[in-house]
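Chemist: Please see the structure below; I have some questions.
Protein chains: 2
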Amino acid sequence: MNKDIVLLNHLWTDIYYQLRYKHQEKITHQGIRILQVIDKEDEVGIKEIANAIHVSHNTASEHIKRLLEKDYVFKTRSSKDERKVILRLSELGIDVLHRHSSLDEEKLKHILFEQMSDEERKLILEAFTLLKERASDVHNS
Amino acid sequence: MNKDIVLLNHLWTDIYYQLRYKHQEKITHQGIRILQVIDKEDEVGIKEIANAIHVSHNTASEHIKRLLEKDYVFKTRSSKDERKVILRLSELGIDVLHRHSSLDEEKLKHILFEQMSDEERKLILEAFTLLKERASDVHNS
DNA sequence: AGATTATATCTTATATTACGATATATATGA
DNA sequence: TCATATATATCGTAATATAAGATATAATCT
Chain A
19 MNKDIVLLNH
29 LWTDIYYQLR
39 YKHQEKITHQ
49 GIRILQVIDK
59 EDEVGIKEIA
69 NAIHVSHNTA
79 SEHIKRLLEK
89 DYVFKTRSSK
99 DERKVILRLS
109 ELGIDVLHRH
119 SSLDEEKLKH
129 ILFEQMSDEE
139 RKLILEAFTL
149 LKERASDVHN
159 S
Chain B
19 MNKDIVLLNH
29 LWTDIYYQLR
39 YKHQEKITHQ
49 GIRILQVIDK
59 EDEVGIKEIA
69 NAIHVSHNTA
79 SEHIKRLLEK
89 DYVFKTRSSK
99 DERKVILRLS
109 ELGIDVLHRH
119 SSLDEEKLKH
129 ILFEQMSDEE
139 RKLILEAFTL
149 LKERASDVHN
159 S
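These protein sequence lines map, in sequence, to chains A and B. Positions 19 to 159 (the numbering used here) are the ones given, in order, by the first sequence. Positions 19 to 159 (the numbering used here) are the ones given, in order, by the second sequence.
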């Protein structure tokens, strides 16, 4: 495999390891994965969750029941099909997901605004934006 | 929170969501966290694992036992203290960790070498390298 | 030599995860 | 309109993951 790709992944995993939040809330592994799908996809229902995490619909429904009990998600109904549940993240759900998948904001603040010049910060944002755009092209294809 | 930081995190989670490997091997959640610690830290033993994932030493030892059985890790002994186990990732462990924490190499290859110019690729690598270096400063402080 | 440290094993218990069977409500097609 | 399909919910059952106290052995330190 090309060394640039290996390097990029090494940088990626290092950055996450070093900048991740510590002392995270207790939430199940499948719970995080589900919150992520709800966050990143459109019109997510039980069936979509089941497909995304490769479980049966009953299992997906049970997982969602527990996330509902914890107030991490809430249900709306599709206007196009009343059977269809559309899942949404609550404020609490967004926060929990953030802490399990994002980079620590205090650390980022320190790096971007106290350690980097304006030019460097621009470089970072530009590069991430570029990669994200290209990633979207691959993901949607 | 500053909008650049929110943006960066949005980009970060989007990139990971879109470029992560799909159809991952079955490995426990704590298993992945342990492989990660072994990968990123130096001289990792049972005590360090216990501290890193916030469990008792007995629990840590049990987790390691299972990772040993699956050939994801192997043990060496510290030359400084014979009691001390130093854990290392096997090739298989490296591969499993890679698939659970890195960006899909085929997707990266497509993006970096088929969709991007040389200049763009350089920008990405430069930005990631810069962020990684600054992240190391924060992590080690 | 006795105390401390590093790890391993065993026992016990709870949480998480999964799915088949069954049920209800809604939507679709003949 | 009725039969069938679809979307989700609940229940019962079972396996796996996770955790830690008690106990043990070996190595290191005082």
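Just so you know, even glycine gets a beta-carbon here, dropped at the ideal spot from N, CA and C.
For V73/B, write down the residues that DSSP places opposite it in a beta bridge.
Modeler: According to DSSP, which records beta bridges pairwise, V73/B is partnered with nothing at all.
Chemist: I'd like the list of long-range same chain contacts for F92/A, defined as Cβ closer than 6 Å, with 5 residues on each side in sequence excluded.
Modeler: Closer than 6 Å at Cβ, skipping near neighbours: R106, S108.
Chemist: Are there 16 or more other CB atoms within 10 angstroms of the CB of R95/B, so buried, or fewer, so exposed?
Modeler: Answer is exposed; the Cβ neighbour count stays below 16.
Chemist: Please report how far the alpha carbon of R51/A lies from the alpha carbon of I71/A, in whole angstroms.
Modeler: When rounded, the distance between both Cα atoms is 7 Å.
Chemist: Kindly indicate which residue of F131/B, K102/B, V24/B, R117/B has the alpha-carbon position closest to the one of K21/A.
Modeler: Comparing Cα-Cα distances from K21/A to each of F131/B, K102/B, V24/B, R117/B, the minimum goes to F131/B.
Chemist: Hey, could you find the ends of the alpha helix (DSSP H) V55/A is sitting in?
Modeler: It spans 47–58 - the alpha helix (DSSP H) in which V55/A sits, taken as one unbroken run.
Chemist: Beta-carbon within less than 6 Å of G111/B's beta-carbon, same chain only, minus the 5 sequence neighbours each way: which residues are those?
Modeler: L53, Y90, V91.
Chemist: If the criterion is Cβ atoms closer than 8 Å, does the pair V103/B and I64/B meet it?
Modeler: Against a cut-off of 8 Å, the Cβ pair of I64/B and V103/B comes out as a contact.
Chemist: List the residues of chain A that N76/B touches, going by C-beta distances under 9 Å, in chain order.
Modeler: Neighbours of N76/B on chain A: none; closest Cβ ~20 Å, over 9 Å.
Chemist: Alpha carbon to alpha carbon, how far is R117/B from L143/B? Give it in angstroms, no decimals.
Modeler: Looking at the two C-alpha atoms, the distance is approximately 21 Å.
Chemist: Can you tell me the Cα-Cα spacing of S120/A and I56/A, whole angstroms?
Modeler: Rounded to the nearest angstrom, the two C-alpha atoms are 16 Å apart.
Chemist: If you compare alpha carbons, which of I82/A, S135/A, E124/A, L115/A is closest to M19/B?
Modeler: Of the candidates I82/A, S135/A, E124/A, L115/A, the one whose C-alpha sits nearest the C-alpha of M19/B is E124/A.
Chemist: Is L85/B near G49/B, with beta carbons less than 8 Å apart?
Modeler: For L85/B and G49/B, yes; Cβs fall inside 8 Å.
Chemist: By the three-class DSSP mapping on this structure, what secondary structure does V156/B have?
Modeler: Note: V156/B maps to helix in three-state DSSP.
Chemist: Quick one: does I160/B have its CB under 8 Å from some CB of chain A?
Modeler: Residue 160/B is absent from the model: chain B starts at 19 and stops at 159.
Chemist: Which residues of chain A have a Cβ atom closer than 8 Å to the Cβ of S120/B, listed in chain order?
Modeler: By Cβ distance, chain A contributes N27, W30, T31.
Chemist: Hey, A153/B and I33/A: beta-carbon distance below 8 Å or not?
Modeler: A contact, by the Cβ cut-off of 8 Å.
Chemist: With DSSP as the reference, label V62/A as helix, strand or coil.
Modeler: It is coil, neither helix nor strand.
Chemist: Which one of M134/A, L26/A, R38/A, L25/A has the shortest CA to CA distance from T31/B?
Modeler: Among M134/A, L26/A, R38/A, L25/A, the Cα nearest to that of T31/B belongs to R38/A.
Chemist: Let me check you understand the geometry: is the CB of Y90/B closer than 7 Å to at least one non-hydrogen atom of the ligand HEM?
Modeler: As far as ligands go, the structure on display features none, and thus does not contain the ligand HEM.
Chemist: Listing by chain order, which chain A residues have their CB less than 9 Å from the CB of K125/B?
Modeler: In chain order: A153, V156, H157.
Chemist: Can you tell me whether R101/A is helix, strand or coil according to DSSP?
Modeler: Of the three classes helix, strand and coil, the one that applies to R101/A here is coil, per DSSP.
Chemist: What does DSSP give as the partner residues of T94/B in its beta bridges?
Modeler: I104/B.
Chemist: Give the straight-line distance between the Cα atoms of E138/A and H28/A, rounded to the nearest whole angstrom.
Modeler: Looking at the two C-alpha atoms, the distance is approximately 21 Å.
Chemist: Candidates K88/B, E66/B, V114/B: which alpha carbon is nearest H41/B's?
Modeler: The option with the nearest alpha carbon to H41/B is V114/B.
Chemist: So, for H75/A: in the same chain, excluding its five sequence neighbours on each side, which residues have a beta-carbon less than 8 Å away from its beta-carbon?
Modeler: Result list for H75/A: I64, K65, A68, in chain order.
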